[in-house]
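Start counting the sequence shown at 1026; every next residue gets the next number (this note's numbering).
Even glycine gets a Cβ: it sits at the ideal position worked out from N, Cα and C.
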Amino acid sequence: MGVSAEGVEKSLSTLDIENYDFEKILAKKKDDRPPEIDGAKGDKTNLLTLQIIERSTSTLHYLEELGLRLEDGGRVRWKQDAAAHPRNWSTYRKCYDLGLIFLLDLFTTAVSTAGPSVAESAMLEYNLSRTILLVSFASTRWVFRIASAVTGLFSFLLIFIKESRPSRLLARRVALLKSRTGLAHLRMTNPDYTPNFQTFIKVALRRPVQLFFTDPIVTIVSVMSAIGWALIYLFTESLPQIYAEFGFSWSQSSLLFLLIGCGIIFGILPRIHDYRLLKRRSRLQLHLCPEDKLFGFSFAAPSLAFGLWWLTLTIPPASNLPWYASLVGLVAVGFATNEFVCTLSGYLADTYTVYACSAFAAMSFLRAVLGGIFPLIGTPIYTALGSNWATAVLACIATTFCFTVPLFQTYGKRIRQRSKFAKYSLAVNRDTQIYDDNME
C-alpha cells in the first residue's frame, strides 16, 4: 500500500529519535571524524531509511534541485550530473578559474626572482653595502611598479573565482537541504568541520607541522621540492659569478636563464604519458595510485643530477671547454626543477586529497625558507669553494634524490596505508566525488 507525502512528513516529526535502534538499520563507521579532532562524537545517523525518505515528494524535489542523492542511513552524496560539482562546471568557468590561477602562479614566480636581479641596481641607488633582465631595460622602481599593477589586477579577478572544494560545496548543500526539509539528521563526511576556534587553530597551524614531522612522504617530498625550487634562486647569484670567467657581463649571464626555460618545455612529454595512462586505466577499469604521478619524477631526479654534474665538469677553472658546452647542463636542470614542482605536488595532492593544503603548506614553507637562504649563501660558497666544488656539492645532493624513485615505487603504498591522514583523506575523497576515481 502506498504512503502519502503527508504521512511521511508526519512520521518524520513523531519518530522517537533517542530510543531508536541505530545498529539494526545500518552498520555505521566507528569514526567519521578527521583524525586530529579528538573526543568529538559523530552525529547520530539519520533514523529513516532511504525507502521512507524517497516517498517524500518535497524531499525528492529538493534533492533534485540541489544535485544530491541519498543513500541508506541518510548519507548525502553528489549526483553524477550535479551542475554545482566542479567537475561538471562549464568549460568557460573551468578555463577562467584554472587560467587565472595558472597566470597568477606564473607571474608571481617570475617576479619572485626579480629580487636578486635588481639588488645590484638598488645597491647603487640606495648606497647599500652589497649585493641583488628586466633591470637592464627598465629602472629598479619600474620592476616593482609593474609587479604591483599586475598582481593588483589579479587580486580583482580573484573576486570572481568560485569555491571548488567538493566537500565544502556538499556541506553547504546539505545544510540547505536540512533547512528546507527539517531532516536534521542528514549527514555527510565533512573533513572541514571545526567546532570551535581552538580546533581551527589546531587544524590550520598544527596539522602542517604534524604532517611534516610524522609522515615520511611529506618530509621527503618537501625537502626535495624545496631544494629543487631554491636552486633557481641560487643560480640568480651563482650563474653570473660562474660565467664571468667566460667573459660574460652580468646582463649577458642573465640570458642563460632562457636555457633553463627551454628545459621546461620538455615537461610536455611526461604530461602526454600521464594523460594516456589515465585514459587507458579508466577504459580498463584499473586502479590508479598516487605513485603513477611519479613517472616524470623518475626522469627528473637523474636529470637534475646529470645537469649539475655536467656543469661541474664543463665550467672553469677545472675545464677549458667553450662556454656553450655547459649549456646542456642548464637545460637538464630546467627540466628537472620544473618536473619536481609538477610531479611532487601532484603526488602530495593524490596522497592526501582533502589534506593536500596542509601538505602543501609544509612544502611551501620550506620552499620559501630555502628560496630566501640560497641566494644569500650562494656567493660566499662559490667564492670559498670555487665554482666546480660548489656545484659538485649540489650534484651530490641531487644524486641522493635518485634513490627516492624506487623507494616510492616500492614502498609508497605501504607508507600511505600506515598514515592516518592518507587513509582518512582517501575515504573522504570517495564520499565527496561524483565519479569513482578508482584510486587505491
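Spatial neighbours of residue i within its chain, please: CB distance less than 8 angstroms, with the 5 preceding and 5 following residues excluded, ordered by chain position.
| i | result |
| --- | --- |
| I1410 | The residue asked about is misnamed: residue 1410 is Leu in this sequence, not Ile. Excluding positions up to five away in sequence, the list reads V1418. |
| G1092 | W1103, K1104, D1106, A1107, A1108, A1109, H1110, R1198 |
| E1125 | Looking at the sequence shown, residue 1125 is not Glu but Leu. For L1125, where only same-chain residues beyond five positions count, the Cβ hits under 8 angstroms are F1179, L1182, L1183, I1186. |
| W1254 | T1362, F1365, V1366, R1392, L1395, G1396 |
| R1094 | L1088, V1101, R1102, W1103, K1104 |
Mind checking whether residue i and residue j have CB atoms under 8 angstroms apart?
| i | j | result |
| --- | --- | --- |
| K1420 | W1334 | Looking at the sequence itself, residue 1420 is Ala, so the reference to Lys does not match. It is a contact, given that the beta carbons lie within the stated cut-off. |
| A1326 | T1261 | no |
| L1329 | A1361 | yes |
| S1247 | F1238 | no |
| S1412 | I1340 | yes |
| F1324 | P1295 | yes |
| L1352 | T1416 | no |
| A1384 | L1373 | yes |
| R1205 | Y1087 | yes |
| L1281 | Y1300 | no |
| Q1242 | T1376 | One detail in the question is off: residue 1242 reads as Ile in this sequence, not Gln. In this structure, T1376 lies closer than 8 angstroms to I1242 by Cβ. |
| F1132 | V1175 | yes |
| A1387 | P1233 | yes |
Quick one: grab the DSSP three-state call for residue i.
| i | result |
| --- | --- |
| L1451 | helix |
| E1090 | helix |
| L1280 | coil |
| L1432 | helix |
| E1270 | coil |
| E1096 | strand |
| R1190 | coil |
| R1443 | coil |
| R1080 | A caution first: R1080 carries a pLDDT of 45, below 50, which makes its placement in the model unreliable, though a value can still be read off. Coil at R1080, not helix or strand. |
| L1211 | coil |
| L1313 | strand |
| S1383 | helix |
| S1180 | helix |
| S1173 | helix |
| A1109 | coil |
| W1114 | coil |
| A1409 | helix |
| A1196 | helix |
| Y1349 | helix |
| P1342 | coil |
| K1054 | For K1054, the predicted structure reports a pLDDT of 40, less than 50, and the residue's modelled location is therefore unreliable. A value from the coordinates is still provided. Looking at K1054 - three-state DSSP - the assignment turns out to be coil, as it is neither helix nor strand. |
Between residue i and residue j, which are expected to be in contact by the criterion C-beta below 8 angstroms, what is the C-beta distance as a whole number of angstroms?
| i | j | result |
| --- | --- | --- |
| S1450 | T1378 | 4 angstroms |
| I1285 | L1355 | 6 angstroms |
| S1278 | P1265 | 4 angstroms |
| Y1258 | P1400 | 5 angstroms |
| F1433 | E1316 | 6 angstroms |
For the alpha helix (DSSP H) containing residue i, list its first residue and its last residue.
| i | result |
| --- | --- |
| V1234 | 1232-1239 |
| N1363 | 1352-1377 |
| W1414 | 1412-1426 |
| A1318 | Before going on, a small fix: residue 1318 reads as Lys here, not Ala. It is not in any alpha helix (DSSP H) - K1318 carries neither H nor E in the DSSP assignment. |
| Q1223 | 1222-1226 |
| P1295 | 1293-1309 |
With a CB to CB cut of under 7 angstroms and the five nearest residues on each side skipped, what residues in its chain are close to residue i?
| i | result |
| --- | --- |
| I1226 | none |
| S1344 | L1338 |
| G1359 | L1284, I1285, G1286, C1287, G1288, I1289 |
| Q1076 | Confidence at Q1076 is low in this model, with a pLDDT of 45, below 50, so its placement is unreliable and no value can be given for it. |
| L1302 | D1317 |
| A1447 | T1376, Y1377, R1441 |
| I1252 | L1395, I1422 |
Please confirm whether residue i has its beta-carbon closer than 8 angstroms to some beta-carbon of chain C.
| i | result |
| --- | --- |
| F1271 | The chain labelled as chain C is not found in the depicted structure, where only one protein chain is given. |
Residues in its own chain within less than 6 angstroms of residue i by CB, not counting five upstream and five downstream?
| i | result |
| --- | --- |
| F1179 | L1129 |
| W1275 | P1265 |
| F1322 | T1368 |
| I1406 | A1415 |
Just reading off the beta strand (DSSP E) that residue i is part of, what are its end residues?
| i | result |
| --- | --- |
| R1102 | 1100-1103 |
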